[in-house]
Amino acid sequence: MTEPAEKPRKSWFKSSPLAHGLMLGLFSLVTAGLLAWADQATEAPIAARGADDLAASLAQVLPASLYDNSPATDMRTVTDAAAGPVSVHIAAKAGTVTGTAFELTGYGYSGAIRVLIGVAPDGSLLGVRVLSHAETPGLGDKIEVAKTDWIEGFTGRSLSDPTPDGWKVKRDGGIFDQFSGATITPRAVVGTIRRGLEFFARNQAALTAPLAN
């Protein structure tokens, strides 16, 4: 009679809980290394893209003819009683400040609206752009310069043009158009721009002081 074949024994490596732990640890180590490498490899391109986006945004609210410095890197931080700490980009020619640009956030129908505001030393608007928002496509997104020219209508305005009572949408008694079916969004943008002009007025001396050589 033929004896039954002996069952193969499981190796210690396959059956040991310690071995399974070692394999899991090795897998985690390799995964972490790959993630770290990917993060390091993409860090520089992401930073470069961010710098390009910032420069492009600033160019829309600070005309290039106004400065011979780098507003993207020449900055001042102003701590304001109402707005809190605000980082301000400074445009200057031969050390004399010719413009400022800063970001404030308003809240529309669907959430935060980031607004970049360019202001001349006399307190008039050099330009305004919406950097990001989550407003309804086809309605609230008309605040984008790519959709309509509504945002460009603020250039040249100031706290005295119109008077403070005019810094509202027409539905609220002001001079600025609202959108059909969407009043909350333009109301938020108008209010944010007015807050920006008020911030500048409160801190005008600090913001327009000459740049250090």
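Positions 1 to 213 (full-length UniProt numbering) are the ones given, in order, by the sequence shown. All residues carry an ideal CB built from backbone N, CA and C; glycine is no exception.
Cα-Cα, which of the options is closest to residue i?
| i | options | result |
| --- | --- | --- |
| S65 | A212, A91, S57 and R76 | A91 |
| V119 | V190, R157, I151 and T100 | T100 |
| residue 216 | D161, F199 and G123 | Nothing can be reported for residue 216: it is not among the residues displayed for the chain, which extend from 1 to 213. |
| G95 | A82, P85, A83 and N69 | N69 |
| L139 | V97, T185, F27 and G84 | T185 |
| D122 | L26, Y109 and R157 | R157 |
| I117 | S28, L104, L34 and G173 | L104 |
| G108 | P85, P210, S132 and H89 | S132 |
| A59 | P210, D172 and G127 | G127 |
Among residues of its own chain, excluding the 5 on either side of residue i, which ones have a beta-carbon nearer than 6 angstroms to its beta-carbon?
| i | result |
| --- | --- |
| L197 | L159 |
| D141 | E135 and K147 |
| L54 | A72 |
| G111 | A134 |
Our contact map puts residue i next to residue j with C-beta atoms below 8 angstroms; I'd like the distance itself, whole angstroms only.
| i | j | result |
| --- | --- | --- |
| L125 | F102 | With a Cβ gap of about 12 angstroms, L125 and F102 do not count as contacting. |
| P162 | I143 | Rounded, the Cβ-Cβ distance is 19 angstroms, inconsistent with contact. |
| V78 | L207 | 7 angstroms |
| S180 | R129 | With a Cβ gap of about 23 angstroms, S180 and R129 do not count as contacting. |
| D74 | L211 | 6 angstroms |
Specify, as a first and last residue, the run of the beta strand (DSSP E) that residue i falls within.
| i | result |
| --- | --- |
| L125 | L125 to S132 |
| I117 | A112 to V119 |
Once you ignore the five residues that flank residue i on each side, which residues in its own chain have a CB closer than 7 angstroms to its CB?
| i | result |
| --- | --- |
| I46 | Low per-residue confidence applies at I46: pLDDT is 45, beneath 50, and the placement is therefore not dependable, though the value from the model is reported in the following sentence. Here the set comprises nothing. |
| G106 | I113, V115, A188, V189, G191 and T192 |
| N203 | V78 and D80 |
| K93 | L66, Y67 and D68 |
| residue 221 | Absent from the model: residue 221. The displayed extent of the chain is 1 to 213, so no value can be given. |
| E152 | V145 |
Would you kindly report the start and end of the unbroken alpha helix (DSSP H) that includes residue i?
| i | result |
| --- | --- |
| A94 | Premise fails: A94 is in no alpha helix (DSSP H) and is neither H nor E. |
| L207 | Q204 to L207 |
Please go through the same chain and pick out, in chain order, the residues whose beta-carbon is closer than 8 angstroms to the beta-carbon of residue i, but skip the five residues on each side of it.
| i | result |
| --- | --- |
| K170 | F176, D177 and Q178 |
| T98 | L66, Y67, A91, A92, A120 and P121 |
| A182 | Y109, E135, T136, L139, G140 and K142 |
| L29 | none |
| D172 | R187 |
Fully enclosed by the stretch 55 to 83, which alpha helix (DSSP H) runs are 4 residues long or longer?
none
Threshold first: 3 residues or longer. Then list the beta strand (DSSP E) segments lying entirely within the stretch 131 to 190, N to C.
none
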